[in-house]
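These notes are about the structure you will find just below.
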Amino acid sequence: MDVDAILAKARAGEFPSDWNVWPLRRNYMITSAIKWGLMSVVGFVVLVPVVIATIPSDFAHKDGFTQSMATAILLLLGALAFSSLWLTIDAILRALRAQDYWLVITPLLFIKAEPRRIYSIPLEDIGDITLKGVNPPSDVATQGALGPQHFAMGQFPRIATQMGVRQTAPKRSGQSPSLAFRDRRDNRVITVGMDSAFDHLGAIEHILRERAAQREDALARAPFNR
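Heads up: the sequence shown begins at 47 in our numbering, then just goes up one per residue.
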């Protein structure tokens, strides 16, 4: 089955039970847009008076330390205001085009669909799966007792809590959340996600790692099953 046919089945909700399908969560993106929008407003509300107060008074005929401090403050406030504005716009655009964003893992393929771009990687070509800024599930025995569709339907955090699985919450660290892997065919790094727009990154990482291992095991056994 080609990629277009797989995505058509995913969009129609008529996919086999051994597929894992994640549509972009529109409500999550709307909430993110509101959060970053408020942050941007706060940033500009603080930035504008500081610009008026420091330019040119803190730069004209002032010593180097004063100028450096004023520059650092302006850069920090500017970064807060403009980066939050960019994240707001990005979240709004993704929410408006939520139907164009999909993650699909079949027994053979990993597929990530975005507007104007589709990634399709055979599971056996996925290597160096890397999860940052988020703790992975730690209870392997508990994970094995749960069907993959529980994770795929966005239920991982709730079920993990009920089953006593720890370390499923984001780390309180300086690292930004991200999930990526290396495409062994050309060593290109593919970013699966940098937020929970599809699902908890730890849940997606668990399924991706498990499915890739199953595919490699199936290929290794194939010569002996003939």
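Where is the CB? At the ideal position from N, CA and C, for every residue including glycine.
Note that the structure is predicted; figures quoted are calculated from it, not measured.
Please name the residue, chosen from Leu265, Ile52, Leu139, Trp132, that lies closest to Lys158 on a Cα-to-Cα basis.
-> If we check each option's Cα against that of Lys158, Ile52 comes out closest.
Note down the Cα distance separating Glu256 from His246, rounded to an integer number of angstroms.
-> A straight line joining the alpha-carbon of Glu256 with that of His246 spans about 16 Å.
Taking all protein chains shown into account, do 16 or more other C-beta atoms lie within 10 angstroms of the C-beta of Asn73, making it buried, or fewer, making it exposed?
-> Counting other Cβ atoms within 10 Å of its Cβ, Asn73 stays below 16 and is therefore classed as exposed.
Backbone CA spacing between Lys178 and Arg234 [nearest angstrom] | Roughly 18 Å between the two C-alpha positions.
Inside the stretch 113-183 only - beta strand (DSSP E) runs reaching at least 3 residues = The DSSP assignment places 148-151, 155-160, 163-168, 172-178 as complete runs of the beta strand (DSSP E) inside the stretch 113-183, in order along the chain (cut-off: 3 residues).
If you count every other CB in all the chains shown that lies within 10 Å of the CB of Arg140, and 16 or more means buried, which is it?
-> Residue burial annotation: Arg140 is buried, with at least 16 other C-beta atoms found within 10 angstroms of its C-beta.
Exposed unless 16 or more other CB atoms sit within 10 angstroms - verdict on Ile167 = With 16 or more Cβ atoms within 10 Å of its Cβ, Ile167 is classed as buried.
What number of angstroms, rounded off, separates the C-alpha of Gln145 from the C-alpha of Val87?
-> Spanning the two alpha carbons is a distance of roughly 29 Å.
Simplified DSSP state of Ile253, which is helix, strand or coil = If DSSP states are grouped into helix, strand and coil, Ile253 belongs with the helices.
Are the C-beta atoms of Met240 and some chain B residue less than 8 Å apart?
-> Although the question refers to chain B, the structure presented lacks it and comprises just one protein chain.
If I'm right that Ile172 touches Phe244 with Cβ under 8 Å, what's the distance once you round it to whole angstroms?
-> By a beta-carbon distance limit of 8 Å, Ile172 does not contact Phe244. Their separation comes to about 17 Å.
Residues in its own chain within less than 8 Å of Asp232 by CB, not counting five upstream and five downstream?
-> There are no such residues.
Please classify Asn233: does DSSP put it in a helix, a strand, or coil?
-> It is coil, neither helix nor strand.
Alpha carbon to alpha carbon, how far is Val186 from Ala79?
-> With a pLDDT of 38 at Val186, under the threshold of 50, the predicted position of this residue should be treated as unreliable, and no value is reported.
Per-residue burial, Phe294 [other beta carbons within 10 Å of its own, 16 or more giving buried] | Absent from the structure is residue 294, since the part of the chain shown begins at 47 and ends at 272.
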